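Chains as they are written, first to last, in this note's numbering: chain A, 181 to 395; chain B, 181 to 395. For reference, the structure is listed below as structure tokens.
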DNA sequence: TAGATTGTTAATCGATTAACAATC
DNA sequence: TAGATTGTTAATCGATTAACAATC
């Protein structure tokens, strides 16, 4: 890590591992702050994330001396520092595809808003749903995706559709210039190589958790 | 990896990384099979998982010679081998806490059933919901959790409740002997050290995806 | 045979951890 | 001061990758 004397980071790109861990610290800090805590130790973060405390201190100390020995880290200031490192201080607009039960659950959860992420558009192919609002956002038809995505500067799409509709929805997102797709269906998606697909599958995680439970 | 000459694995415990990757291969193979494919190459798995093809071959070859040079892997037989390694051939019963939109979405998804995981009980504290069925399973009150969990041999609980109800529900699961908790709320959970908590947060993954998009 | 893809080697890099002086 | 916790070092281990012979 190359740093100037003023703390202005001449940023090299973070490794995937570091960025993933910093994101998780961000989540713990956000929740701890909501619980009214003002300080937190690397050990407490470790307990919540299952990431080793030494690793946490090491990750953070690569960017500056954010903690106080004998005391821990100030939650507010550490939140600010990590947001700076991850460049997540702006507002980000995302599109949700699928206004079924999962889509509604996602739209009504505070989980995105809490991190400055706004669901700026919701799409569904069911004509009966068009115009209805979920999470305060009216449901549009998939035919409008292209126009709306460009107009609202959307680069992230969340797929909450059945497996058999997933590839079609992904194609529509890609056509509209979306570069990051979160896939909550089981389907495997074919996309151009400049599009990042994140597939979330609770069953996969569960099989893996069971392995360690059973052995 | 210590192996006998007959392929009978004198199993050492898998590392966390290997078990996580094998679980993901399982998911890709399951989907590829549904799409009617019979064979798959390490490169194809790599395209769907973003895991390096060499790493995939290396992970698999640690357990046997499952592939055919010039051809690839037979999907059915590789599925069987990985299931053997991960010991996920049995049926597993899990409990779902929370019968709201997210709970319903989870219960009605084939994602668990596909991997031999059965939602054997659903709990909710809303008296109006008791007895109603979701995913074919009647909703019980949280007061019955202890009895039902023991009776149905449930060691995994999935929390689909609001953040402010999550700790209480987690306590109830722990009291009922559950050792693996999937937390779909934002709440940080305090649990005994022999209980594995997996917290899933799409916003965290998104922040991290955005970092790599923006840099 | 020719082309494709595995299984494996060798080299590198990042993650992980224990330990402990520094210091709040 | 005494206790706690950071920041950092040093050592180890697993992940990652390119390359390629083996072989289907």
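By construction, the Cβ of each residue, glycine as well, lies at the ideal position given by its N, Cα and C atoms. As the structure is a computational prediction, the values presented were derived from the model and not from experiment.
My output table needs one value for residue 318(A): the three-state DSSP class, helix, strand or coil. As a first step, residue 318(A) is located in the first chain; it is residue number 138 there, counting from the start. DSSP places residue 318(A) in strand when its eight states are reduced to three.
7 Å Cβ shell around residue 271(A) - same chain, five flanking residues per side excluded: Stepping through the first chain from its first residue, residue 271(A) is reached at position 91. So the qualifying residues of the chain are 296 and 298.
Quick one: what's residue 295(B) bridged to in DSSP? Residue mapping note: residue 295(B) aligns to position 115 of the second chain, counting from 1. In DSSP, residue 295(B) forms no bridge with anything.
Just to confirm my understanding: we take residue 321(A), look at its own chain, exclude 5 residues before and 5 after, and list those with CB closer than 8 Å. What are they? As a working mapping, residue 321(A) is identified with position 141 in the first chain. If we look at residue 321(A) and ignore the five residues flanking it on each side, its Cβ neighbours are 303, 304, 305, 307 and 310.
Among residues of its own chain, excluding the 5 on either side of residue 386(A), which ones have a beta-carbon nearer than 8 Å to its beta-carbon? Within the first chain, the letter at position 206 stands for residue 386(A). Excluding positions up to five away in sequence, the list is empty.
Return helix, strand or coil for residue 412(A), following the three-state DSSP convention. Because chain A here runs from 181 to 395, residue 412(A) falls outside it and cannot be looked at.
Complete alpha helix (DSSP H) runs within the stretch 224-282 of chain B (minimum length 4 residues, chain order): 233-241 and 255-266
Residues that residue 243(B) contacts on chain A, provided the C-beta gap is smaller than 9 Å: Stepping through the second chain from its first residue, residue 243(B) is reached at position 63. Within 9 Å Cβ-Cβ: nothing; residue 243(B) doesn't reach chain A, min ~14 Å.
Along the stretch 221-241 of chain B, what residues have a CB closer than 9 Å to any CB found in chain A? 227, 228, 229 and 230
Under 8 Å between C-beta atoms, does residue 394(A) make it to chain B? One-based indexing of the first chain puts residue 394(A) at position 214. For residue 394(A), the answer is yes, since a Cβ of chain B falls inside 8 Å of its Cβ.
Which of the three DSSP states, helix, strand or coil, is assigned to residue 328(B)? The count along the second chain starts at 1 and reaches residue 328(B) at position 148. It is helical.
For residue 258(B), count the other beta carbons within 10 Å of its own beta carbon; 16 or more makes it buried, fewer makes it exposed. Which is it? By one-based count along the second chain, residue 258(B) stands at place 78. Buried, since its Cβ has 16 or more Cβ neighbours within 10 Å.
Suppose you measure from the CA of residue 353(B) to the CA of residue 336(B); what does that come to, to the nearest Å? To locate residue 353(B), count along the second chain from 1; it is residue 173. To locate residue 336(B), count along the second chain from 1; it is residue 156. One C-alpha to the other measures close to 9 Å.
Identify the continuous alpha helix (DSSP H) that holds residue 195(A) and give its terminal residues. Locating residue 195(A) in the first chain gives position 15, counting from the first residue. That residue, residue 195(A), is in no alpha helix (DSSP H); it is neither H nor E in DSSP.
What's the gap between the Cα of residue 251(B) and the Cα of residue 221(B)? If you number the second chain from 1, residue 251(B) lands on position 71. If you number the second chain from 1, residue 221(B) lands on position 41. Going by the C-alpha atoms only, they are around 7 Å apart.
Classify residue 350(A) as helix, strand or coil using the three-state DSSP reduction. As a first step, residue 350(A) must be located in the first chain, where it is residue number 170. Residue state, collapsed to three classes: helix.
Buried or exposed for residue 394(B), please, with buried defined as at least 16 other CB atoms from any protein chain shown within 10 angstroms of its CB. Locating residue 394(B) in the second chain gives position 214, counting from the first residue. That one is exposed.
Contacting positions in the stretch 357-369 of chain A - beta carbon closer than 9 Å to chain B: 359, 360, 362, 364, 365, 366, 367, 368 and 369
Local conformation of residue 387(A) per DSSP, three classes: The residue given as residue 387(A) occupies position 207 in the first chain. It is helical.
Top-ranked residue by Cα proximity to residue 318(A), from 340(A), 276(A), 204(A) and 343(A): For the purposes of this step, residue 318(A) is identified with residue 138 of the first chain, where counting begins at 1. The option with the nearest alpha carbon to residue 318(A) is 276(A).
So does the stretch 222-234 of chain B actually touch the stretch 196-205 of chain B, counting three or more Cβ pairs closer than 8 Å? yes
Among 374(B), 218(B), 260(B) and 347(B), which has the Cα closest to the Cα of residue 215(A)? The sequence position of residue 215(A) within the first chain is 35, counting from 1. For the residues 374(B), 218(B), 260(B) and 347(B), the minimum Cα distance to residue 215(A) belongs to 347(B).
Does the CB of residue 281(B) have a neighbour CB from chain A at under 8 Å? By one-based count along the second chain, residue 281(B) stands at place 101. With 8 Å as the cut-off, residue 281(B) counts as an interface residue toward chain A.
Just how far apart, CA to CA, sit residue 357(B) and residue 243(A)? Numbered from its first residue, the second chain carries residue 357(B) at position 177. Numbered from its first residue, the first chain carries residue 243(A) at position 63. In a straight line, the C-alpha of residue 357(B) is about 42 Å away from that of residue 243(A).
DSSP on residue 210(A), reduced to helix/strand/coil? What you label residue 210(A) is simply residue 30 of the first chain in a count that begins at 1. Of the three classes helix, strand and coil, the one that applies to residue 210(A) here is helix, per DSSP.
Buried versus exposed, by CB contacts within 10 Å (16 or more), residue 190(B): Within the second chain, numbered from 1, the residue matching residue 190(B) stands at position 10. Model confidence at residue 190(B) stands at a pLDDT of 40, short of 50, so the residue's coordinates are unreliable and nothing is read from them.
Please confirm if residue 257(B) has its CB atom under 8 Å from at least one CB of chain A. Against the second chain, residue 257(B) aligns to sequence position 77. Cβ-Cβ to chain A under 8 Å: no for residue 257(B).
Can you confirm whether residue 345(A), when its beta carbon is compared against all beta carbons of chain B, has any partner nearer than 8 Å? Counting from 1 along the first chain, the entry for residue 345(A) is found at position 165. So no, residue 345(A) is outside the interface.
Could you tell me which chain A residues have their CB closer than 9 Å to the CB of residue 207(B), listed as they occur along the chain? Locating residue 207(B) in the second chain gives position 27, counting from the first residue. Neighbours of residue 207(B) on chain A, chain order: 366, 368, 379, 381, 383, 384 and 387.
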